[in-house]
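Chains as they are written, first to last, in our numbering: chain A, 1 to 256; chain B, 1001 to 1507. In this text, a Cβ means the ideal position worked out from N, Cα and C, and glycines have one as well.
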Amino acid sequence: MDRPGVMKPQQSALQVRGLTKRFDRLAVDALDLTVRTGEFYALVGPNGAGKTTTLRMVAGLLRPDAGSVEVFGIDALRDPVAAKQVTAWVSDEPMIYDKLTPLEYLEFVAGLWGIDPAMSEPAAHQLLVSLGLEAHLHERCEGFSKGMRQKVALAGALVHDPRLIILDEPLTGLDAVSARHVKGLLGDRVRAGCTVIMTTHILEVAERMADRIGVIAAGRLVAEGTLAELRQQNGHTDTSLEDLFIALVDVEATAA
Amino acid sequence: MSQATALTWFARHEIRLAWREWLAMMTGGRRKRSRAVIGLIVFAAVMHLPAYAVIGRFAGLEAPLDKSSLIVMSATILLAWALMLSQAIESVTRVFYARADLDLIMSSPVRLTEVFSVRIAAIALSVIAMALLLSTPFVDVLVIGGGARWFAAYGVVIAIGLSAAAVAIAVTIALFRLIGPSRTRLVAQILAAVIGAGFVIALQIAAILSYGTLSRFAVLTSDAAARFAPDADSLVWWPARAVLGDGEALLLLLATGLVLLGLVMATFSPRFADTAARASATVTPDHRGSRARAFRTGSRQQALRRKEFQLLWRDPWLVSQTLMQLLYLVPPAVMLWRSFSDSALAIVLVTPVVVMAAGQLAGGLAWLTISGEDAADLVATAPLNPSRVVRAKIEVVLIVISVIFAPLVVALGFASPPQAAVTAAGVIIAAASATAIQLWFRVQGKRSQFRRRQTSSRLATFAEAFSSIGWAATGALALAVPVIAVISGLMTAAILAATWKLSPRRE
C-alpha cells in the first residue's frame, strides 16, 4: 500500500549484493536486493523460490556461499554481532520455550540484546497486552496455541526495539483477529521509522501493507516495485497482485 | 474390506510402524539402514562374549536347584520383568501422547475396540521383541554350554513380556483415571525410569547395610534369604523352573501371560479410545503460573545462564532422569555412611560410582543445554558471539554438576581427604569430558528429543560411556594402585583424542 504524505528517507536499511547459496541445488542465485529505511518490503514467490534462505542469510542464520549483506551500513558477514544488535528475526515456526511464561521469555530476549530492564519491562508488558496476551502473562507457554506462540515470538522480536524486522510468514496459523493485531503492530513500527521485510504467501497482505514488493523465483529477483510499478512493468493497468504474481512466476517457470 | 481383513491390515500397519520406530531409534534416522542392520548383527554377535563371561558358568545348572540358586535365578527374572515393565510403560505413554494418527483412526469407520486390541497386542509384541533381542546372546550361551533345554528361556521371556505389557497398560490407564492425563505422562515416565533401576538399587542398599558390599548377590545368596524363601515346590519358583526346561511350568507361565493380556484387552480396549482422546486433547499439560517479579539486570551470558537454569528446573523429564542418576548415588552414599562409622576399606568403591554418575549426568545436561535449544534461531540471531553462548551453556552444566556432587565430596572429605580430592578431580574431569564430547558432536535438536539423543551419534554415545567408565576406573586405581591409574588415565585421554579426531569439524 502506498502511503502518500509519509516521507521516506532513502538510506538503505538492507543492501544485498550477489547473494548466493547452494544446497543440493542452487537456492539463491546472485541475488541483489535493496530495502530502504522505514520501508515495508514484502518478498513473495512460489514454494522453494529461495525467500526463506535469503532472509536466513540476512539474519545471520546461514552463511552465504558468495555475496555481501549490509544492514544499515554494517557488513553483516564481517561484524555479525553489530548487525544483529539492530535486527530481529521471526520465523513461521515460533521458537519459544515451553517452560517459560511470555514475560519470562521477553525478559530473556531483552537480556540477550542487553536492554536495560527499566526500559524492557514496561515495553514487554505493553507489547503482550497489545497482542491480546494480557490474561496469559504468567502462564507457561506449553499450553499455548500456535497463534499465541507466534504472538509471543513476535513480542520477543519487538521488545529490543529493532531497526530492521525480518519476518518469514509471520501470519501463518493466526486467526483473523490475531492477524489484524500483528499487522497493526507492524504498521505502527513502520510508521515509527522501523524497516520491515516480510515473506508471505498471502498476496492480499503484501498488496495492502507493503510499500514495495519483490517477486522471487528460482533464487532470483524477477520483479520489484510498488504495486503500480509492477503493473506498469508488466503492461497491466488494473490487475490484482495475485494475477501479476502468477504471470511473473509462469514466465520464469517457462524460461527455466 | 471385511472386519477381519481390516484388522489384519491394521496389525501389519502397527508392526511396520513399530519396526520403523525401532529402526530409527537404532540408526539415528540414517538412511543407510543395511549398514546399520549389519552393525547391529555384529554388535549382537560381539555381545555373546560378555554374555559368556556373565552367564557361561551357569550353563550346567540342572533341576532341582538349591534355594540360593533359585533365589538368584528368580531375582534375575524379576529384574528382567521390571525392565520390560519399564519399557512397556514408556511404549504405552508414547502411544497415548506421541502418535499423530489417533484422530485418523478415531474418525475412520472401524470398530475402535478391535483396533485398540490390535494396538495393545502390538505394544506387547514390541516389548517381547526387544526383550528377545537383548536376551538372545545370554540364552545362546546357555544353549551352547548346557543343551537345548535352555531354549525354554525364550518361552519365559515371551511369558513375562506378555504380563509386563498387560500390567503396564493397566497401570497407565489406572493412572489416567486417578490423576488425569496431564500428570500421568510425567508420573508414568518417572515410574518407568524408577522401576528399571529401583530393584537393583534396593538390592545394593540391602547388601551394603547387611554385608558392607555393593554386590547385590550378597543378599540373594545369604543364609537369611534362604531361610525366608518358600519351599522348593512353591509357585514362586515356577519361572526359574521354566527357564531350566520344566515344560509344565513354562506352559503355565505362558498361559498366565496370555490370560493377563487378554483380560487387559477385554477390559481396557473399549476405554482405550476415550483415554487416547483425552490424552491427545491434553495439550495444556501445565498451566502453572509464575509470580510476577521485576526483570533482572545482568550480562547477556547471565541471561542465558538464568534461562538454562529455569528450563532445567522446570523440565519434568530431566528431573526424572536426574533423579535416576541420583538414585544410583544412593548406594555409594549409604556405603559412605556405613564406612564412615566403621572405617571399612570398601569406601574406595564410592569414587568410581560417583565419577561415573557425574560423567553420565554431565553428558545428559550438556546435550540439553548445547544441542537441545528450543529457540535456536533466537539465540543464533542474538548479538552475541557463538563462543560466548557455548561458554555460558557449559558453565551451566558445570555449575549443576558442582551443586549435585559437592555435598558428597565434602562428606567424603571428612572420611578420607585424599579420596575426596581424587573424587573431586574425577568428577570435574569426567564432567568436562562428557561435555566436550557433546560439544564436538552437537546437532541442533528439540529438548523433547532428549530420549533419542543417544541415537543421533552412536560414536558420541559410546565415547561418552567409555570416557565416564575410564575416568571412574582411573579414580579407583588412583586410590589403590596409582601407577596403573596413570596408564588408565592415558588410555581414557586417548579415547577422547580419538573421539575428537573423528568428530564432525566445527566452524
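Can you list the residues of chain B that A/Met95 reaches, using a CB-CB cut of under 8 Å? Asp1374, Ala1375, Ala1376, Asp1377, Leu1378
List the endpoints of the continuous alpha helix (DSSP H) containing B/Phe1116. 1112 to 1146
Identify the contact partners of B/Gly1298 in chain A, using a Cβ-Cβ distance below 7 Å as the criterion. Gly111
Do you know how far the Cα of B/Pro1352 is from the Cα of B/Phe1450? 26 Å
In angstroms with no decimal places, state the Cα-to-Cα distance between B/Ala1202 and B/His1013. 40 Å
Does the Cβ-Cβ distance between B/Ile1123 and B/Ala1164 come in under 8 Å? no
Are the beta-carbon atoms belonging to A/Thr37 and A/Asp92 less than 8 Å from one another? no
What's the C-alpha gap between B/Val1409 and B/Thr1423? 7 Å
Could you tell me which chain B residues have their CB closer than 8 Å to the CB of A/Val81, listed as they occur along the chain? Pro1383, Leu1384, Asn1385
Are three or more beta carbon pairs between the segment 143 to 159 of chain A and the segment 86 to 101 of chain A nearer than 8 Å? yes
Put A/Ser91 into one of helix, strand or coil per three-state DSSP. coil
Apart from the five residues just before and just after B/Trp1237, which ones in its own chain have a Cβ nearer than 6 Å to its Cβ? Leu1070
Counting C-beta neighbours from all protein chains within 10 Å, is the total for B/Ala1431 16 or more, i.e. buried, or is it exposed? buried
B/Phe1450 CB to nearest chain A CB: under 8 Å? no
Contact list for A/Ser12 against chain B, beta-carbon separation under 8 Å: In chain order: nothing, as chain B lies at least about 20 Å away.
Just reading off the alpha helix (DSSP H) that B/Lys1393 is part of, what are its end residues? 1386 to 1415
Per the DSSP calculation, A/Tyr215 is bridged to which residue(s)? Looking at the sequence provided, one finds Val at residue 215 of chain A rather than Tyr. A/Val44, A/Ala223, per the DSSP bridge assignment.
Check whether the Cβ of A/Phe40 lies closer than 8 Å to any Cβ atom in chain B. no
Which ranges does the beta strand (DSSP E) cover as unbroken runs of at least 3 residues, wholly within the segment 1013 to 1082 of chain B, from first to last along the chain? none
Short-range partners of chain B found in the segment 217 to 240 of chain A, where Cβ spacing is below 8 Å: none
Please classify A/Asp250: does DSSP put it in a helix, a strand, or coil? helix
Comparing the C-beta of B/Arg1185 with each C-beta of chain A, is any distance below 8 Å? no
Inter-residue spacing [alpha-carbon to alpha-carbon] between B/Ile1077 and B/Ala1406: 37 Å
Cα-Cα, which of B/Ala1478, B/Gln1302, B/Glu1021 is closest to B/Ala1421? B/Ala1478
Check the C-beta distance from B/Ala1159 over to B/Leu1253 and give it rounded, since I have them as a contact under 8 Å. 4 Å
Hey, quick one: how far does the alpha helix (DSSP H) through B/Ile1469 stretch, first residue to last? 1458 to 1480
Quick check: is the beta carbon of B/Arg1515 nearer than 8 Å to any beta carbon in chain A? As shown, chain B starts at 1001 and ends at 1507. That puts residue 1515 of chain B outside it, with no answer to give.
Determine, using beta carbons only, whether B/Phe1295 comes closer than 8 Å to chain A. yes
Do B/Leu1112 and B/Ala1059 come within 8 Å of each other at the CB atom, strictly closer than that value? no
For A/Ser12, name the three-state secondary structure that DSSP assigns. strand
Going by CA-CA distance only, name the one from B/Ile1195, B/Arg1271, B/Val1139 that's closest to B/Ile1176. Note on residue identity: the sequence assigns Phe, not Ile, to residue 1176 of chain B. Taking only the C-alpha atoms, the option nearest B/Phe1176 is B/Arg1271.
Count the other CB atoms, across all protein chains shown, that sit within 10 Å of the CB of A/Arg56; report buried if there are 16 or more and exposed otherwise. buried
Just checking, does the segment 223 to 241 of chain A make contact with the segment 204 to 213 of chain A on the three C-beta pairs under 8 Å criterion? yes
Beta-carbon spacing of A/Thr52, A/Leu19 below 8 Å: no
Check whether A/Leu103 and A/Leu137 have beta carbons under 8 Å apart: yes
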